[in-house]
Structures are given as C-alpha cells and as structure tokens.
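Just below is one structure, and these are the notes that go with it.
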Amino acid sequence: MPSSETRKTLPPKVATLLQEYPTVITLPVQWGEQDLNQHVNNVVYLRYFESGRMAYFNDLANCLGMPDMKAMLEGKTVGTVLSKVVLDYRRPVAYPDTLTIGIKVDANSVRSDRFDQVCRIVSRATLVCFDHQTQRKVDLNQLEGLLEVIQQWEKGTSPVWNAASKL
Numbered sequence: 043m044p045s046s047e048t049r050k051t052l053p054p055k056v057a058t059l060l061q062e063y064p065t066v067i068t069l070p071v072q073w074g075e076q077d078l079n080q081h082v083n084n085v086v087y088l089r090y091f092e093s094g095r096m097a098y099f100n101d102l103a104n105c106l107g108m109p110d111m112k113a114m115l116e117g118k119t120v121g122t123v124l125s126k127v128v129l130d131y132r133r134p135v136a137y138p139d140t141l142t143i144g145i146k147v148d149a150n151s152v153r154s155d156r157f158d159q160v161c162r163i164v165s166r167a168t169l170v171c172f173d174h175q176t177q178r179k180v181d182l183n184q185l186e187g188l189l190e191v192i193q194q195w196e197k198g199t200s201p202v203w204n205a206a207s208k209l
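Take 43 as the starting number for the sequence shown in this note's numbering and just add one per residue.
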C-alpha cells in the first residue's frame with residue numbers, strides 16, 4: 043500500500059508522529075516472529091527496517107521516476123549497502139501487534155559517500171554507496187541524481203530538507 047494510502051488509515055497521534063517521514067508502511071506482527079519470552083525476536087526488527095528501507099526506495103522510484111532504481115536495488119549497478127544499524131528498543135512488541143514504520147533520510151547525515159536513514163519506531167541505519175561490479179565504496183555522485191531525488195522526495199515533509207541548500 044502506498045504511503046499516502048497508509049497515512050489515511052493512521053490514528054491521529056501516529057499520523058502526527060510520522061508527518062516528517064515521507065515513506066510510511068504498516069506491518070502486522072506474525073506469531074512466529076516471537077522469541078521464548080513472547081516478544082518479537084531482535085533479528086525481526088532488522089527485517090522490519092529492511093522492509094521500510096525497500097519501501098522508501100520503491101517510493102522514490104515510483105513517485106519521482108527513477109528508472110535505474112530496480113537495477114540499483116538488485117545490485118547490478120552502483121547502489122547502497124547497509125554499513126551500520128543501531129536499534130533502540132522502546133517497548134516490547136508481540137503478536138498480534140501491528141507496527142507502523144516511517145522512513146526518512148537524515149539530512150544532517152549526508153556525506154560524500156553515505157547517508158543515514160531513520161526508521162521511526164525501529165532503528166537508524168547508515169547506507170554506504172557501493173559499486174557492485176568493482177566491490178568498492180564510491181561517492182554518492184556516482185549514483186546519478188539519487189541525492190536530488192531524495193531531497194525532492196523529502197522536501198514536502200522535512201523542515202531540515204527544506205532549509206538544506208548544500209546538496
């Protein structure tokens with residue numbers, strides 16, 4: 043379901059909390075995702091974040107017209123790889139909970155070869171630009187147009203991006 047459709051179904055407090063996140067998805071917790079303590083297993087949080095990251099890039103491709111995004115996501119061209127993930131556990135999650143996840147790029151994190159994505163409710167990750175052919179890190183400018191598209195996508199929701207001019 044596209045972020046715009048997901049937003050229509052959110053309770054007002056959740057919608058307000060996620061208003062600065064251009065991509066929003068909702069995921070139901072599955073029974074088998076729990077550990078012995080009847081809480082979602084730690085590794086499952088990474089899957090939730092991965093689903094959010096992929097939804098973000100798919101939103102970029104679909105809404106802003108990035109025809110090369112599919113090749114990037116499939117590792118056939120210069121793209122991004124996950125460099126670091128930090129998980130902040132705020133409260134236990136268990137079946138039959140439903141999680142609503144917002145994803146955005148932290149405008150203050152953008153460097154020549156990397157940027158952080160923030161996943162509200164689950165985590166934060168650093169993505170490094172990577173050439174899958176040479177198996178080496180590269181600068182963001184080798185992902186032609188990606189920063190501009192991210193900036194355009196985020197501009198409607200983030201005051202930080204609206205103020206940013208260095209990209």
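Ideal Cβ positions, reconstructed from N, Cα and C, are used throughout, including at glycine.
Rounded to the nearest whole angstrom, the C-alpha separation of Arg-178 and Asp-158 is 19 Å. With a minimum length of 3 residues, the unbroken runs of beta strand (DSSP E) contained wholly in the region 63-101 fall at 65-70.
Fewer than three pairs of CB atoms, one per stretch, sit closer than 8 Å, so the region 121-131 makes no contact with the region 58-70. Taking one beta carbon from each stretch, the region 53-69 and the region 143-160 have 3 or more pairs nearer than 8 Å; the two touch. Classified as buried, Arg-95 has 16 or more neighbouring CB atoms from the shown chains inside 10 Å of its CB.
Straight-line measurement puts the Cα of Tyr-63 at about 22 Å from the Cα of Val-86. Taking a C-beta distance under 8 Å as the contact criterion, Cys-171 and Val-180 qualify as a contact pair. Rounded to the nearest whole angstrom, the C-alpha separation of Lys-118 and His-174 is 7 Å.
Note that the C-beta distance between Val-120 and Gln-184 is below 8 Å. For Lys-146, the enclosing beta strand (DSSP E) covers residues 140-147. Pairing Arg-133 with Leu-60 gives a Cβ-Cβ distance that is not under 8 Å.
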